[in-house]
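In our numbering, the protein residues as written are 279 to 685.
Just so it is clear, CB atoms sit at the ideal spot from N, CA and C, and this is done for glycine as well.
As structure tokens, then:
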């Protein structure tokens, strides 16, 4: 089966962002399928292509994946208007590939919702089987965050959402809430829930540990790894750091590694409050991140307190934490909080409660045996339910189900 795979933010493990598409593409290839990956140039991502762009694109083979990279730079630090323009440019340039490339199945993965546009064209004008993967519900999430408020734009996005779902033959949802949202429009039999997974080969046994100079051997390290954007609500960690300082818990260090448009503001807040217990690091490749997680004591799963997030997200960082055997402190209710509590692999605290969050960190630091047991439970959960190998078999099954028809 020849699959054309559209993911604007594709990266290999040499980058500092999620590698779901890389791993899923490799799994498809291992099963004998051919994969062409179409992507843009994502800050923090590494496509594996190094040659110059010619006429706005470059292409080549990376670990068996035929990669077509479009010269469209994207970063979280960009303004909303700039990012929207990049999304539209990627969708429009992808249409040409969808209409004229040779392939058997088209696969599109969000975000953003415009990622589904080439799939719509492939379905309507070439009758190609279309698989649509939804990582976030649009326009529900940007509306809930207040990022998009114009009723005309919201109506257009709602129409695009409906058309994407109706044109797709199969749907992949990354969380229970996303599956429920898709099921409002299509038959649930055509929806498969496949969350983000755990790259155990990278995170479970790194060859060494890495400790930045700002951390000492005696520090209890609480790590946040990921985008520093509005959705992440990392200003809450400034409040947690202030509470820890107030309680004279100098050995608990909050380490934030990543990039995003809120990072400069967060650093300024930490400076204003003279918080020596919060450390900001630049993004690193997955292998080095695994070495930092080997040193860390706990992972921080933090999001802004928006109800749409509770069941409607599947954060990469959570699965990296548990793959590395890190217990997790989570600051919002929903399916991840339920997982943490059921499997006793961390502590779920109430949203926007810095005292409860700080006390959870203090509890873990003061009870190494509890922390060790939670760490064991976390990695056990990673192996039993979220190993990339298991999830990739489900993923491949969605494509192979198309061989029997798309009705």
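Can you list, in chain order, the residues of its chain whose CB lies under 7 Å from that of residue i, leaving out five sequence neighbours each side?
{"i": "residue 684", "result": "Model confidence at residue 684 stands at a pLDDT of 45, short of 50, so the residue's coordinates are unreliable; what they give is reported in the following sentence. Within the same chain, residue 684 has close Cβ partners 407, 447."}
{"i": "residue 621", "result": "655, 659"}
{"i": "residue 566", "result": "488"}
{"i": "residue 674", "result": "305, 306, 309"}
{"i": "residue 545", "result": "558"}
{"i": "residue 463", "result": "440, 443, 444"}
{"i": "residue 460", "result": "412, 443, 449, 451, 469"}
Taking residue i as the reference, give the member of the options with the closest Cα.
{"i": "residue 668", "options": "384, 471, 322", "result": "471"}
{"i": "residue 532", "options": "554, 543, 526", "result": "554"}
{"i": "residue 664", "options": "414, 607, 603, 312", "result": "603"}
{"i": "residue 458", "options": "389, 545, 588, 548", "result": "588"}
{"i": "residue 634", "options": "538, 517, 461", "result": "517"}
{"i": "residue 508", "options": "566, 485, 420", "result": "420"}
{"i": "residue 503", "options": "428, 348, 562, 626", "result": "562"}
{"i": "residue 353", "options": "678, 613, 365", "result": "365"}
{"i": "residue 524", "options": "676, 552, 320", "result": "552"}
{"i": "residue 534", "options": "594, 515, 546, 549", "result": "515"}
{"i": "residue 379", "options": "355, 356, 350, 344", "result": "344"}
{"i": "residue 347", "options": "361, 314, 294, 363", "result": "314"}
{"i": "residue 389", "options": "285, 556, 540", "result": "285"}
{"i": "residue 427", "options": "290, 590, 358", "result": "358"}
{"i": "residue 402", "options": "384, 413, 411", "result": "384"}
{"i": "residue 677", "options": "289, 298, 410", "result": "410"}
{"i": "residue 637", "options": "460, 452, 356, 520", "result": "520"}
{"i": "residue 405", "options": "318, 351, 445", "result": "445"}
{"i": "residue 605", "options": "653, 626, 387", "result": "653"}
{"i": "residue 452", "options": "360, 362, 614, 601", "result": "614"}
{"i": "residue 662", "options": "609, 681, 600, 627", "result": "600"}
{"i": "residue 294", "options": "564, 540, 496", "result": "564"}
CB-CB under 8 Å to residue i, same chain, minus the five flanking residues each way: which ones, in chain order?
{"i": "residue 301", "result": "475, 477, 666, 670"}
{"i": "residue 430", "result": "none"}
{"i": "residue 639", "result": "498, 500, 518, 522, 527, 530, 576, 607"}
{"i": "residue 391", "result": "416, 417, 435, 438, 439, 442"}
{"i": "residue 679", "result": "448"}
{"i": "residue 617", "result": "623, 659"}
{"i": "residue 490", "result": "533, 557, 559, 570"}
{"i": "residue 382", "result": "279, 280, 281, 406, 407"}
Is it buried or exposed, residue i, if we count other Cβ atoms within 10 angstroms and call 16 or more buried?
{"i": "residue 370", "result": "exposed"}
{"i": "residue 425", "result": "exposed"}
{"i": "residue 287", "result": "buried"}
{"i": "residue 332", "result": "exposed"}
{"i": "residue 473", "result": "buried"}
{"i": "residue 329", "result": "exposed"}
{"i": "residue 598", "result": "buried"}
{"i": "residue 374", "result": "exposed"}
{"i": "residue 574", "result": "buried"}
{"i": "residue 672", "result": "exposed"}
{"i": "residue 585", "result": "exposed"}
{"i": "residue 289", "result": "buried"}
{"i": "residue 394", "result": "buried"}
{"i": "residue 612", "result": "buried"}
{"i": "residue 494", "result": "exposed"}
{"i": "residue 505", "result": "buried"}
{"i": "residue 692", "result": "The structure shown does not extend to residue 692, since the chain spans only 279 to 685, so no value can be given for it."}
{"i": "residue 303", "result": "buried"}
Our contact map puts residue i next to residue j with C-beta atoms below 8 Å; I'd like the distance itself, whole angstroms only.
{"i": "residue 607", "j": "residue 651", "result": "That pair is no contact at about 15 Å."}
{"i": "residue 456", "j": "residue 415", "result": "6 Å"}
{"i": "residue 324", "j": "residue 283", "result": "No, residue 324 and residue 283 are not in contact; Cβ-Cβ is about 17 Å, not under 8 Å."}
{"i": "residue 377", "j": "residue 399", "result": "6 Å"}
{"i": "residue 280", "j": "residue 312", "result": "5 Å"}
{"i": "residue 511", "j": "residue 583", "result": "7 Å"}
{"i": "residue 326", "j": "residue 340", "result": "3 Å"}
{"i": "residue 538", "j": "residue 355", "result": "7 Å"}
{"i": "residue 513", "j": "residue 547", "result": "7 Å"}
{"i": "residue 481", "j": "residue 422", "result": "Incorrect: roughly 31 Å between the Cβ atoms, too far for contact."}
{"i": "residue 592", "j": "residue 413", "result": "7 Å"}
{"i": "residue 362", "j": "residue 396", "result": "Not confirmed; about 17 Å, so no contact."}
{"i": "residue 299", "j": "residue 387", "result": "7 Å"}
Quick one: residues in its chain with C-beta nearer than 6 Å to the C-beta of residue i, no 5 flanking neighbours on either side, listed in chain order?
{"i": "residue 342", "result": "307"}
{"i": "residue 657", "result": "603"}
{"i": "residue 318", "result": "286, 348, 350, 352, 368"}
{"i": "residue 630", "result": "583"}
{"i": "residue 296", "result": "594"}
{"i": "residue 627", "result": "609, 634, 635, 638"}
{"i": "residue 632", "result": "517, 518, 521"}
Cβ of residue i less than 8 Å from any chain C Cβ?
{"i": "residue 336", "result": "Of the chains in the structure shown, none is chain C; there is only one protein chain."}
* In chain order, each alpha helix (DSSP H) run of at least 4 residues that lies wholly inside the segment 532 to 599 -> 541 to 550, 564 to 573, 585 to 590
* Asked: Of all the alpha helix (DSSP H) runs that stay within the bounds of the segment 381 to 411, which reach a length of 4 or more residues?
  -> 395 to 404
* **Every unbroken beta strand (DSSP E) inside the segment 468 to 496 [3 residues or more]** => 469 to 471
* For the segment 606 to 644, list the beta strand (DSSP E) runs that are entirely contained and at least 3 residues long, ordered along the chain. => 606 to 608, 624 to 626
* Asked: At which residue ranges does the segment 291 to 335 contain complete alpha helix (DSSP H) runs of 4 or more residues, listed in the order of the chain?
  -> 298 to 308
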